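Residue numbers (the numbering used here): -1 to 354. Glycine included, C-beta positions come from ideal geometry on N, C-alpha and C. Note that the coordinates shown come from a computational prediction; the quantities given were computed from them, not determined experimentally.
1. Does the Cβ of residue 188 have 16 or more other Cβ atoms within 10 Å, making it buried, or fewer, making it exposed?
2. Use the C-beta contact count for residue 338: other C-beta atoms within 10 angstroms, 16 or more gives buried, fewer gives exposed.
3. Name the one or two DSSP bridge partners that residue 21 has.
4. For the stretch 159 to 177 against the stretch 241 to 252, are there 3 or more C-beta pairs whose distance is under 8 angstroms?
5. Closer than 6 angstroms by C-beta to residue 223: which residues in its own chain qualify, once you throw out the five before and the five after it? Chain order, please.
6. With respect to the beta strand (DSSP E) encompassing residue 130, which residues constitute its N-terminal and C-terminal limits?
7. Mark residue 254 as exposed unless 16 or more other C-beta atoms lie within 10 angstroms of its C-beta, in which case mark it buried.
8. Would you mind giving the Cβ-Cβ distance between residue 279 and residue 166, rounded to the nearest angstrom? I have them listed as a contact below 8 angstroms.
9. Report the rounded CA-to-CA distance for residue 47 versus residue 109, giving the unit in angstroms.
10. Taking the beta carbon of residue 34 as the centre, do at least 16 other beta carbons fall within 10 Å, making it buried, or is it exposed?
11. Take residue 106 and list the residues in its own chain whose beta-carbon comes closer than 7 angstroms to its own, dropping the five residues that flank it on each side.
12. Quick check: what's the CA-CA separation for residue 292 versus residue 146?
13. Starting from residue 93, trace the alpha helix (DSSP H) both ways and give me its first and last residue.
14. Alpha carbon to alpha carbon, how far is residue 129 from residue 191? Give it in angstroms, no decimals.
15. Who does residue 106 pair with in a DSSP beta bridge?
16. Cutting at 8 angstroms between CB atoms, please list the residues of its own chain near residue 31, excluding the five before and the five after it.
17. If you measure between the beta carbons of residue 307 and residue 320, is that distance less than 8 angstroms?
18. Would you mind working out which of 62, 73, 61 and 23 sits nearest residue 49, comparing C-alpha positions?
19. How is residue 82 classed by DSSP in three states: helix, strand or coil?
20. Is residue 147 close to chain D? Criterion is C-beta to C-beta, closer than 8 angstroms.
21. By DSSP, does residue 225 sit in helix, in strand, or in coil?
22. In chain order, what residues of the same chain lie with their CB nearer than 6 angstroms to the CB of residue 232, ignoring the 5 residues before and after it?
23. Where do the N-terminal and C-terminal ends of the alpha helix (DSSP H) with residue 217 fall, by residue?
24. Mind checking whether residue 210 and residue 204 have CB atoms under 8 angstroms apart?
25. For residue 269, count the other beta carbons within 10 Å of its own beta carbon; 16 or more makes it buried, fewer makes it exposed. Which is it?
26. Near residue 126, which residues of its chain fall below 6 angstroms by C-beta distance, leaving aside the five closest residues on each side in sequence?
27. With DSSP as the reference, label residue 203 as helix, strand or coil.
28. By the DSSP assignment, the alpha helix (DSSP H) with residue 114 in it spans what residues?
29. Quick one: what's residue 281 bridged to in DSSP?
30. When you compare only the Cα positions, how much space is there between residue 295 and residue 316?
31. Here's the rule: buried if 16 or more other CB atoms are within 10 angstroms of the residue's CB, otherwise exposed. What is residue 202?
32. State the Cα-Cα distance for the pair residue 140 and residue 152, rounded to the nearest angstrom.
33. Just the C-alpha distance for residue 227 and residue 200, rounded to the nearest angstrom, thanks.
34. If we ignore side chains and look at the alpha-carbon of each, how far apart do residue 154 and residue 88 end up?
35. Look at the Cβ atom of residue 98, then the Cβ atom of residue 136, and state whether they are nearer than 8 angstroms.
36. Strictly by DSSP, which residues pair up with residue 212?
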């Protein structure tokens, strides 16, 4: 066999084990060569590159057969609808959609019926959060299909989501129990105060830096939503931060003086909560809810609460204001009833109240 040496051709194996060939003159740009050396397409591209001509580029292969969810998703992933999402959100969308495609990518978009969607979602009933998230992503794909003229109806309409686990909202007694365990000046108390008095998620608290504090307020850019917030410092939070040394640009660091990863920070706080002897229902996200509850009980409106917590919709915030309003209204109603009838009903004796 005669081996022919082709000038200016580089060969290397990529991280996936695939052999790649490139044409490159000294000082020139690399030009990808298609196919294998000796093949018609390879030699045509090589001759074009050697003669300084443009190398024909093969059209990229489309994912999946026409009309399938594989093809639909491939188009969605390069669409403005997807590309305008935040990078972190794109990653989450891809994970969920790719899992869906692994089972249903070969199916035709026009053939999906409402019963099909219900069956797909029902298979994940054991994990309501995952089931609801999958339903949202299927709706996203169907909406994209409708906008693109693939179909005219939406088979996901009126399909109900599963009830999800509600995070427990910390009570005042639970807050006091944690603060009794971790005094001001400790890392665990500093982190706790940042959550309780800013109402932010752990992904935001873990990134808070001393440079974010200015004019007696802390500036936050939420990782999940991109919302920009300026939150005035509560006097108690100011006192806690004054007692916490500035050892790094970020406020909270590991025992080695390094910034936390989001997961590592969550583990640290889970250990701190457990060390305080609190029940399993007391999780870090519950402090965000406790912050919203406190604001509602102080008489804040839904928009005022959202201005602190950064909620993009008022649906969840409304629960806190309704609960606080109900307590105030009930207390006022009973007080009025008591005042009106105090002269008509005898007051029970203390001894009578103590009887069991």
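Short version:
1. Buried.
2. Residue 338 counts as exposed, since fewer than 16 other C-beta atoms from the protein chains shown sit within 10 angstroms of its C-beta.
3. Beta-bridge pairing links residue 21 to 7 and 29.
4. By the Cβ criterion, the stretch 159 to 177 is not in contact with the stretch 241 to 252, since fewer than three pairs of Cβ atoms, one from each stretch, lie closer than 8 angstroms.
5. Answer for residue 223: 310, listed in chain order.
6. Note, residue 130: premise wrong, no beta strand (DSSP E); alpha helix (DSSP H) at 126 to 145.
7. Classification of residue 254: exposed, given that the 10 Å Cβ count is below 16.
8. Rounded to the nearest angstrom, the Cβ distance from residue 279 to residue 166 is 4 angstroms, consistent with a contact under 8 angstroms.
9. In a straight line, the C-alpha of residue 47 is about 47 angstroms away from that of residue 109.
10. Label assigned to residue 34: exposed.
11. The residues are 65 and 66.
12. Spanning the two alpha carbons is a distance of roughly 46 angstroms.
13. Segment 85 to 102, the alpha helix (DSSP H) holding residue 93.
14. Distance between the alpha carbons of residue 191 and residue 129: 34 angstroms.
15. Paired residues: 66.
16. Cβ neighbours of residue 31 within its own chain (closer than 8 angstroms, five residues either side excluded): 7, 19, 20, 21, 40, 43, 44, 47 and 53.
17. Contact flag unset, no.
18. The residue from 62, 73, 61 and 23 with its alpha-carbon nearest to that of residue 49 is 23.
19. If DSSP states are grouped into helix, strand and coil, residue 82 belongs with coil.
20. Given the protein chain composition of this structure (a single chain), no chain D is represented.
21. If DSSP states are grouped into helix, strand and coil, residue 225 belongs with coil.
22. Excluding sequence neighbours, residue 232 sits near 195.
23. No alpha helix (DSSP H) holds residue 217; the beta strand (DSSP E) holding it covers 215 to 219.
24. Residue 204 sits away from residue 210, with the two beta carbons spaced by 8 angstroms or more.
25. With fewer than 16 neighbouring CB atoms inside 10 Å of its own CB, residue 269 falls in the exposed class.
26. Non-local C-beta neighbours of residue 126 in its own chain, meaning closer than 6 angstroms and more than five positions away in sequence, comprise 160 and 162, ordered along the chain.
27. If DSSP states are grouped into helix, strand and coil, residue 203 belongs with the helices.
28. Run containing residue 114: 112 to 120, per the alpha helix (DSSP H) assignment.
29. The partner list for residue 281 (beta bridge, DSSP) is empty, contrary to what the question assumes.
30. In this structure, the straight-line span from the alpha carbon of residue 295 to that of residue 316 is close to 12 angstroms.
31. Answer is buried; the Cβ neighbour count reaches 16.
32. C-alpha separation (whole angstroms): 6 angstroms.
33. Between residue 227 and residue 200, the C-alpha separation is close to 15 angstroms.
34. Distance between the alpha carbons of residue 154 and residue 88 is about 22 angstroms.
35. Taking 8 angstroms as the cut-off, the Cβ atoms of residue 98 and residue 136 count as close.
36. Per DSSP, the beta-bridge partners of residue 212 are 215.
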